[in-house]
Amino acid sequence: MTPTQTTKESKSKNTKHSNLLWLASFVSFVIVFASFVVAFQPRAQRIISLVPALTEMLYAVGAGPQVVAVSSYDEYPPEVTALPRVGALIDPDTERIIALKPDLVITYGSQVDLQAQMKRAAIPSFDYRHGGLSHILVTMKELGVRTGHVAEADQAVAAIESRLAAVRANVAGKRRPRTLLVFSREPRTLRNIYVSGGRGFLHEMLVIAGGENVFSDIDKESVQVSTETILARAPEVILELRPKEIPAGQPMRDELASWSRLASVPAVRNKQLLFISGHAVTVPGPRVADSVARMAKALHP
Amino acid sequence: MNIRLRIVTVVTLFAIGTVAVVLWAPTVGSTSISLAKAFDRSIPWEENVDAQIFFVARLPRVLSGALVGATLAAAGVVLQAMLRNPLATPFTLGVSAGGALGAMLAIAFGLEVGMMGVSSIPIASFAGSLVAIGIVYWLASSQKRGLSTNVLLLAGVTLNSFFSALILFVQYLSDFTESFRTIRWLMGDLDVGSYSPLIAALPFVVAAFAVFAILPRTLNVLTLGDDVAAARGVEVVRTQRLAFLSASLATGAAVSLGGPIGFIGIIVPHLVRLMVGSDHRIVLPAAALFGAAFTVLCDLGARTIMAPLELPVGIITALIGGPFFLWLLVKKS
């Protein structure tokens, strides 16, 4: 071995070392960069929600303390009643929203003007539109990421999923009654009856709760139906969602009496007129599993 | 031709047509039913779906269509003659806007005072109409010389826009589902669901038609001008008062039953005048009959065109009425 050879060898060894060094530093850089991205990903700390369903989701994923203002229609969870109100779907108060210095504004899909204004003000916005049941869960996970509560969001979603699965298992194999799902009607009459068609979270809730929607063939979330179509479709159960509890006694008798005009409908004949009351049922939010459970209990007592 | 014979012939022909439409309309719909089964008394009521579709779903709907159509068309004739304005409608004098405001308030504040099977919304609507009638009548009669048609028109139009602003205000304050319900109410809906609202509206309409029956001869003279009419011995003020009050009362009742269904009160009178001339002894009954048939047919469209979905009847009357009225305007000029 000549001295020259040794130098050459040691040189190549050196290059190898420096290659390794480069690789190691690159990998560590990537790791550091990635952890920076994760750590400093803009976690919203001052959130304004203009969609009541999403306010509920924020609280469900543990981002409640980060919410600084809500819409004028928010009423759940009770904590929101103490928060400032900044308008709603058609009348968002842009000035107040900006003055509250939010770092995330939750808007509804149709609020394009507000979204444009938020963009101009360099305030990030989260754009949402009502979808089916799965959309609720997806949105909760997305909110978890945006607010830095990924694990809690996953947990909350898993809890809802397992409760829905339990309801599904409970009603599996049971006869599915043909159900008319009414969510709006002129009080004490059979006028302006709005029911769930075969799309949207109400329809999906009914299906999970073990009912068959008599208007599932209509690809709409909300359908105004005439007394004639109700008579023709002959539902076995009429399930009515009401914002407020109907007091027992005369008011309840009046409500039942208005349906009794459709005497040939099996639901009327067999007294299968069921009412579920409370605002929660018609909110596509994290309380959906409770509502499905209530529906299932009503349909399959 | 002897005028009396002409009246009888024309009105009989219109009556035959209208009766035919009213009898035929309940036999068709989004579901096909067997008439034999519907009228079979041996099948228990609870089990006879066809009978229920006929008697519970379709018949009250057809009858309220006929009642609303006849009322709005006749009120249109009376008001156009009284105001000597071809653009006058039953809704020009603020009655429907008052009715609409009443209904909006009942929907937005969730009023739940019903009477005799009639819900709060028609009751509030009728009350709103009465308030509007009262205000317009008070304004128009506060002048020295009886009822001023100009003041009537101006007061009515102003009240219309004032009430419309209040309606928008109420809608703005109410939440989305209520806003939607109020907007839907404005499109008109004849699916009344029972006979009670029909029976509740009937006395007012019958009373108004009793007044309409004595009006035609004086309306004929009145169209020539107040002074000419007065010279011919017509008690102008009394006639105007009767005409305004009866037409408005009937309109209020019709609006409370089916909502403010547009265009019937303006196109039917003009169409009938084109067919039978301008003698109110013929125009008034013919327009009432034609209005009934027209509305029943439009509502037939409303419940079948998109079945099982409902189409608001006001959209159909406006879609037919609007272009037709423009054609009429162009043709006349």
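Going down the list, the sequences are from chains A and B.
Using this note's numbering, the first residue of the first sequence is number 1, and each one after it goes up by one.
Using this note's numbering, the first residue of the second sequence is number 302, and each one after it goes up by one.
The beta-carbon is built from N, C-alpha and C at its ideal position, and this holds for glycine as well.
Which residue comes first and which comes last in the beta strand (DSSP E) that contains residue i?
i, result
"residue 224/A", "222-225"
"residue 183/A", "178-184"
"residue 73/A", "Run containing residue 73/A: none; DSSP gives neither H nor E here."
"residue 255/A", "Premise fails: residue 255/A lies in the alpha helix (DSSP H), 250-259, not in any beta strand (DSSP E)."
"residue 59/A", "Here residue 59/A belongs to no beta strand (DSSP E); instead the alpha helix (DSSP H) covers 52-60."
"residue 46/A", "Element bounds for residue 46/A: n/a, residue is neither H nor E."
"residue 107/A", "104-108"
"residue 142/A", "Premise fails: residue 142/A lies in the alpha helix (DSSP H), 133-147, not in any beta strand (DSSP E)."
"residue 242/A", "237-242"
"residue 274/A", "273-277"
"residue 193/A", "193-196"
"residue 126/A", "125-128"
For residue i and residue j, I'd like the C-alpha separation in whole angstroms.
i, j, result
"residue 607/B", "residue 367/B", "22 Å"
"residue 348/B", "residue 222/A", "29 Å"
"residue 128/A", "residue 203/A", "20 Å"
"residue 519/B", "residue 457/B", "23 Å"
"residue 288/A", "residue 67/A", "21 Å"
"residue 1/A", "residue 29/A", "Any reading at residue 1/A must be qualified, since the residue scores a pLDDT of 45, below 50, and its modelled position is unreliable; the value itself is stated next. If you take the alpha carbons of residue 1/A and residue 29/A, they lie about 40 Å apart."
"residue 191/A", "residue 363/B", "15 Å"
"residue 532/B", "residue 526/B", "10 Å"
"residue 582/B", "residue 511/B", "14 Å"
"residue 90/A", "residue 319/B", "46 Å"
"residue 149/A", "residue 159/A", "15 Å"
"residue 248/A", "residue 58/A", "36 Å"
"residue 102/A", "residue 475/B", "27 Å"
"residue 84/A", "residue 69/A", "5 Å"
"residue 324/B", "residue 337/B", "15 Å"
"residue 96/A", "residue 48/A", "11 Å"
"residue 542/B", "residue 572/B", "26 Å"
"residue 151/A", "residue 286/A", "16 Å"
Flag this pair as yes or no: are the beta carbons of residue i and residue j separated by less than 8 Å?
i, j, result
"residue 502/B", "residue 555/B", "yes"
"residue 440/B", "residue 425/B", "no"
"residue 487/B", "residue 401/B", "yes"
"residue 235/A", "residue 180/A", "yes"
"residue 376/B", "residue 552/B", "yes"
"residue 395/B", "residue 437/B", "yes"
"residue 569/B", "residue 322/B", "no"
"residue 617/B", "residue 603/B", "yes"
"residue 489/B", "residue 613/B", "yes"
"residue 110/A", "residue 88/A", "no"
"residue 136/A", "residue 168/A", "no"
Which residues in chain A sit within 8 Å of residue i, going by Cβ to Cβ distance?
i, result
"residue 343/B", "Residues of chain A passing the Cβ test: none, with the nearest at roughly 15 Å."
"residue 350/B", "231, 232, 234 and 264"
Please report whether the beta-carbon of residue i lies at a distance below 8 Å from any beta-carbon of chain A.
i, result
"residue 440/B", "no"
"residue 492/B", "yes"
"residue 363/B", "no"
"residue 358/B", "yes"
"residue 393/B", "no"
"residue 600/B", "no"
"residue 404/B", "no"
"residue 556/B", "no"
"residue 472/B", "no"
"residue 478/B", "yes"
"residue 385/B", "no"
Counting contacts by CB-CB distance shorter than 8 Å, is residue i in contact with chain B?
i, result
"residue 218/A", "yes"
"residue 281/A", "no"
"residue 229/A", "yes"
"residue 73/A", "yes"
"residue 264/A", "yes"
"residue 89/A", "yes"
"residue 184/A", "yes"
"residue 55/A", "no"
"residue 234/A", "yes"
"residue 190/A", "yes"
Tell me which residue opens and which closes the alpha helix (DSSP H) that residue i is part of.
i, result
"residue 426/B", "421-442"
"residue 305/B", "304-325"
"residue 582/B", "581-605"
In chain B, which residues lie less than 7 Å from residue i when you measure between Cβ atoms?
i, result
"residue 170/A", "Per Cβ cutoff of 7 Å: no residues; residue 170/A is ~31 Å from chain B at best."
"residue 269/A", "347"
Hey, would you say the C-beta of residue i is under 7 Å away from at least one heavy atom of the ligand NAD?
i, result
"residue 191/A", "In the structure on display, the ligand NAD does not appear, and there are no ligands present to speak of."
Give the interface partners of residue i over in chain B, defined as CB-CB distance under 9 Å, in chain order.
i, result
"residue 213/A", "Per Cβ cutoff of 9 Å: no residues; residue 213/A is ~13 Å from chain B at best."
"residue 261/A", "353, 357, 494 and 495"
Which chain B residues are close to residue i, counting only those with a beta carbon under 8 Å from its beta carbon?
i, result
"residue 224/A", "485, 610 and 611"
Could you work out which residues of chain A lie near residue i, taking near to mean beta carbons separated by less than 7 Å?
i, result
"residue 330/B", "228"
"residue 475/B", "Ordered by position in chain A, no residue passes the 7 Å Cβ test against residue 475/B, which lies about 11 Å from the chain."
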